[in-house]
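50 is the number of the first residue of the sequence shown in this note's numbering; add one for each residue after it. Don't be surprised by glycine CBs; every beta carbon is placed ideally from N, CA and C. Bear in mind that the values here come from a model prediction, so they are computed numbers and not experimental data. Here the structure comes first, spelled out in structure tokens, and everything after it is commentary.
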Amino acid sequence: MKLQLPRQISLAPLAAARFYILPVVALIGIIFVIRTVIAGSVPPPVAPPVVEPARPPYTSFVAGSGIIESISENIAIASPLAGVIKQVYVKAGDPIEKGQALFSLDDRDTIAELQVRQAQVERARAQQIDAETQLSLYKSVTDPRAIMRGELLKRESVLAIAKAALAEAESQVNATRTTLDRMTIRSPINGTVLQSKARVGEFASAQVMTSPLMIVGTTTPLAVRVDVDENDAWRVEAGKNAQGVLRGNTQVIFPLTFVRFEPYVVPKRSLTGESTERVDTRVLQVIYSFERKDLPIFVGQLVDVFIESSK
């Protein structure tokens, strides 16, 4: 019996296939890289703006960013005394009159103190009446030899001291009543409550607060405080036509009436987000007014303002 040896496999076809496959794979890789580079070099389509930018109505103009505020300027209401808020009488949006109560502080200690002061007044008044009676009795004696001159002067001095004590006690009562009246914070103007953060039970500080307890103002008419870049300030003229455009809705356009300049140029605080904007610039603030009527505009909103210029 003979053993059969395995046949030797020829490697020539594999070598030939390898010779052709590698260049093909390399060519495919080159084509893929070229297509990727070409696709990446195409600029992306420009996205349309969310809101169309406002268009200036004048050929020559100065543009500025404005903020809506009350014509009386926004008045931050604070508490002259520190204490716990006892009652709040108004809410945001309520019309108010000058002198109307806005909120009051816990006044139990002050009322108790007032009662003590009033009792002191009654005691001082009784002492004065007693001193007047004693002096009257001394003066009613017809025989001057019956009373010493010094005793009469002493009674007059006692009466003077009693009168002074009564006046002091009455002054303390008035001071306590003034303090009691100051614990009710009242409106300084006729207007509207623009914002209220006064809550019953919260502590009202007598110091300057970052967020005021209330903000009030006169909203008929409204005002626009416009920031004009210091480089364009020389081009702004009093009395020139001006228009405001509401941000977010360029269809809301309203004419503005010049009120005044704020003569002091201040650092810019309201940023618009434009790439060319500098944070170290200073601005001239110009105040305009307008009638709100049915416009969907609220105090604190930003508007774009265009001011006609002849320069």
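Same chain, Cβ closer than 8 Å to residue i, neighbours up to 5 away in sequence not counted
i           : result
residue 205 : 184
residue 322 : In this prediction, residue 322 has a pLDDT of 48, which is less than 50 and means its spatial position is unreliable; nothing more can be read from the coordinates.
residue 324 : Because the pLDDT at residue 324 is just 46, under 50, the model does not fix this residue reliably, and the point stays unresolved.
residue 143 : 241 and 242
residue 348 : 117, 118, 119, 123, 243, 266, 268 and 271
residue 188 : 201
Residue i in three-state terms, based on DSSP
i           : result
residue 347 : coil
residue 324 : Here the model assigns residue 324 a pLDDT of 46, short of 50, so the residue's position is not dependable and the matter cannot be decided.
residue 254 : coil
residue 243 : strand
residue 171 : helix
residue 338 : strand
residue 297 : coil
residue 83  : helix
residue 205 : helix
residue 224 : helix
residue 291 : strand
residue 271 : strand
residue 302 : strand
Residues near residue i by beta carbon distance below 6 Å, same chain, minus five either side
i           : result
residue 340 : 270
residue 218 : 169, 170 and 173
residue 426 : Any property of residue 426 remains undetermined from this structure, which presents the chain solely from 50 to 360.
residue 333 : 277, 282 and 314
residue 166 : 221, 222 and 225
residue 146 : 239
residue 287 : 307
Proximal residues to residue i (C-beta, below 7 Å), its chain only, five neighbours per side dropped
i           : result
residue 355 : 105, 106, 107, 110, 112, 291 and 292
residue 309 : 336
residue 85  : none
residue 344 : 301 and 303
Beta carbon proximity, residue i to chain C, threshold 7 Å
i           : result
residue 211 : Judged by its chain identifiers, the structure shown contains no chain C, having just a single protein chain.
Beta-carbon proximity of residue i to residue j, cut-off 7 Å
i           : j           : result
residue 263 : residue 154 : no
residue 226 : residue 148 : no
residue 331 : residue 316 : yes
residue 140 : residue 245 : yes
residue 338 : residue 306 : yes
residue 207 : residue 175 : no
residue 150 : residue 294 : no
residue 152 : residue 133 : no
residue 229 : residue 156 : yes
**Asked** Given 8 Å as the limit, is there contact between the segment 98-115 and the segment 269-280, that is, 3 or more CB pairs closer than that?
**Response** Yes: at least three Cβ pairs fall under 8 Å.
**Prompt:** For the 8 Å Cβ check, are there 3 or more pairs between the segment 206-220 and the segment 244-257?
**Reply:** No: the two stretches stay apart, fewer than three of their Cβ pairs being nearer than 8 Å.
**Asked** Counting pairs of beta carbons, one from the segment 122-140 and one from the segment 230-247, are three or more of them closer than 8 Å?
**Response** The count of Cβ pairs closer than 8 Å, one atom from the segment 122-140 and one from the segment 230-247, reaches three, so the stretches are in contact.
**Request:** May I have a chain-ordered list of the beta strand (DSSP E) segments no shorter than 3 residues that lie completely inside the segment 108-185?
**Result:** Counting whole runs of 3 or more residues, the segment 108-185 contains the beta strand (DSSP E) stretches 110-119, 124-126, 132-137 and 150-154.
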